[in-house]
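Here our numbering is used: the first residue of the sequence shown is -2, the next is one more, and so on.
We treat Cβ as the ideally placed atom computed from N, Cα and C, and that holds for glycine.
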Amino acid sequence: MTDLTTPVAPAADAEADRALTAAFRTHPAVLDADVLGPVRPVFGQALGAPDRTACLLPDPEAAALLHRAAALEAAGRLGRLSWHEPADDLLVAGVSRTETDFLYREIFTDNAYLRHGITLPDRAVVLDVGANIGMFTLRAALASPGARIVAVEPVAELAAAVALNAELYGLDVTVLNCALGSVTGQSDFTYYPGNSVMSGRFAHPDDDVEVLRRYLVTGEEATQGPQLGRLAADRMTAEARRCEVSTLTRVIAEQRLERIDLLKIDVEKAEAEVLAGIDDASWSRIDRIAMEVHDLDGRLKELVSLLRDRGFEVSHDQDPRLVLTPCHNVYAYAPHRPARQLPPAPSNTAGRPGGPTLRVLERELRDLAARNAPGLAVPGRFAVVADLDEARRTAPAGDGGSPQLPSGPGTAVLAEIWTDIFGPGTVRPDANFFALGGNSLTAVRLLAQLEDRLGEDVLAPDTVFTADNFAEIAAALEAGLPPEESAGTPGGAPHPDRPGAR
């Protein structure tokens, strides 16, 4: 049985805190620092003494990225968004960690839109249609110094993320909060808050749940148990909205785009509508196209033919993880158009902040503490702050800010399964499922083992994605148990009258 009472590390005393603070202040990216009580971090992971927080004031030059992010959050610009670090060298605002990681893998790791001859010159003009949080906008800006990007996104909170990420990195981005189609007007729009990448004008929840389920079953260690279906259904809870609709021809005219180096389209079954909104004059301005196509009723063949008739060289492929879905990627370029003659962009793009992300800075500070203050309990949290004095004033005393671990058989069972999945020492009240390496398939495994031990429907599948930490998942689990089990079925074993009891 996993011991839930043993602390991860002893609380640091005042003298130890001063020694650690002095060590942290020697790092060039840290303008000032203090070790305080539990302060909820802007972003980061708790590893170490859970009752202490290293509050870091980033240096505006050596840690310009973190400094700007802290200032934006202090100004209230994040709203309902949160900061995420999908890689050591990237910090973005997004709606959820899982979607941010998915978009990073698709756009940066897999390079989904810049292949099959699709490249970007310096100072490229890019239309990012279906921008979501702006991950491809960032990718294009990094690939093309001095790029001008017009990002089109109909979901207001996602469009806000694009704008915030563009401001964070000092990019030349115009954000249009609308959809694109064959004609201007208004349209119904289905938004999936738990899986925003599948939102769209032509969404169909039942079909979309099946697409998500098929995507999940192609992953490593995938399972097709009932938990997978319920997890997919929970992620696809829909919200009905309305959105403004413009056309590409109108956007090109209003934005005065003489040439479009790349038109990227990812609009969830609306791609034919978007292309239908391009007139002959606008077609002649487009050099390259990269888009996702949903091959429904022969659409892939139809759109490939359309692009070839317009003079493009066309190729297409399919992500191996999407072989059970209708999703394909199409790449097109106009081979005979003369290249634009532009001066090279400056090597050091103005306004783009440098310095480490928090995950990199945290690793370096832990190493620094191990060398300069050996034997001391390193704080469990590292928080970037815009005002260190304010952090000192608001830091709670003792462990008042630490999440509380509920007691009960459900928590004990969860702890055993959690340890089996993530390893010893990972059961902490503030341990984050995804920070430990969890993903959708890991969530299915966790749910399957919980239901095997405690019965069906003891935990809503979406809880794994929406809860901040182990303590919140445990609390939801305890609340879902019948009173007799919450009162203490011995050893965390399933109640004999519950489904799943052996």
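Query, Result
"Environment of H201 [buried if 16+ CB atoms lie within 10 Å]", "exposed"
"Rounded straight-line distance, which links the Cα of R349 to that of L165", "8 Å"
"Given Y188 as reference, the closest of E359, E265 and L365 once Cα atoms are compared", "E265"
"Residues that F505 bridges to, as DSSP identifies them", "Because the chain here runs from -2 to 499, residue 505 falls outside it and cannot be looked at."
"Separation of E475 from G489, as counted between CA atoms", "Bear in mind that a pLDDT of 40 at G489, under 50, signals an unreliable position, so the model cannot answer this."
"Span of the beta strand (DSSP E), counted from its first residue to its last, around S302", "Premise fails: S302 lies in the alpha helix (DSSP H), R296 to D306, not in any beta strand (DSSP E)."
"Top-ranked residue by Cα proximity to A158, from G114, D107, V208 and T97", "T97"
"Under the three-state DSSP convention, the category I115 falls into", "coil"
"Beta-ladder partner(s) of R91, from DSSP", "The amino acid at residue 91 is misidentified as Arg; the sequence shows Gly. BP columns for G91 point to S79."
"Test item: CB-CB of L88 and N129 under 8 Å", "no"
"Beta-carbon contacts of T408 that lie in its chain and below 8 Å, excluding the five residues immediately before and after", "L1, L402, A471, L474 and E475"
"Residues that A30 bridges to, as DSSP identifies them", "L53"
"Three-way DSSP call (helix, strand, coil) for R120 in this model", "coil"
"Buried or exposed by the 16-neighbour rule on C-beta atoms within 10 Å, applied to E236", "exposed"
"A11 burial status per 10 Å Cβ neighbour count (16 or more: buried)", "exposed"
"Contacts around P38, its chain only, beta-carbon distance under 6 Å, and the 5 residues preceding and following it disregarded", "Legend: pLDDT at P38 = 45, less than 50; position of this residue unreliable, value from coordinates given subsequently. The residues are R378 and A380."
"Other residues of its chain near D276: CB distance less than 8 Å, five sequence neighbours each side excluded", "T246"
"Own chain, CB closer than 6 Å to L260, minus 5 neighbours either side, in chain order", "L124, I283 and I286"
"One or two residues paired with V325 in a DSSP bridge", "It is worth fixing the name first, because residue 325 is His in this sequence and not Val. Answer is V290."
"As assigned by DSSP and simplified to three states, the class of A267", "coil"
"Where D258 falls: helix, strand or coil (DSSP)", "coil"
"Distance between L478 and I257 (C-alpha atoms, nearest Å)", "57 Å"
"Span of the beta strand (DSSP E) around I275", "Note, I275: premise wrong, no beta strand (DSSP E); not H, not E."
"For L254 and V122, believed in contact at Cβ under 8 Å, the rounded distance", "6 Å"
"Alpha-carbon spacing of R450 relative to L209, whole angstroms", "27 Å"
"Counted within 10 angstroms of its Cβ, other Cβ atoms place L293 as buried (16 or more) or exposed", "exposed"
"DSSP-derived helix/strand/coil call for A476", "helix"
"T439 and I414 closer than 8 Å at C-beta", "no"
"Delimiting residues of the alpha helix (DSSP H) encompassing H64", "A61 to A71"
"Backbone secondary structure at R285 - three-state DSSP", "strand"
"CB contact check: E361 to chain B, cutoff 8 Å", "No chain B is present in this structure, which holds just one protein chain."
"Inter-stretch contact at 8 Å, needing at least 3 Cβ pairs: the region 143 to 155 / the region 168 to 176", "yes"
"Residues bridged to G169 (per DSSP)", "Before going on, a small fix: residue 169 reads as Asp here, not Gly. Beta-bridge pairing links D169 to R145."
"Span of the beta strand (DSSP E), counted from its first residue to its last, around D314", "E310 to D314"
"Cut-off 7 Å between Cβ atoms - residues of its own chain near L433, not counting five sequence neighbours on either side", "F419 and T423"
"Environment of D314 [buried if 16+ CB atoms lie within 10 Å]", "exposed"
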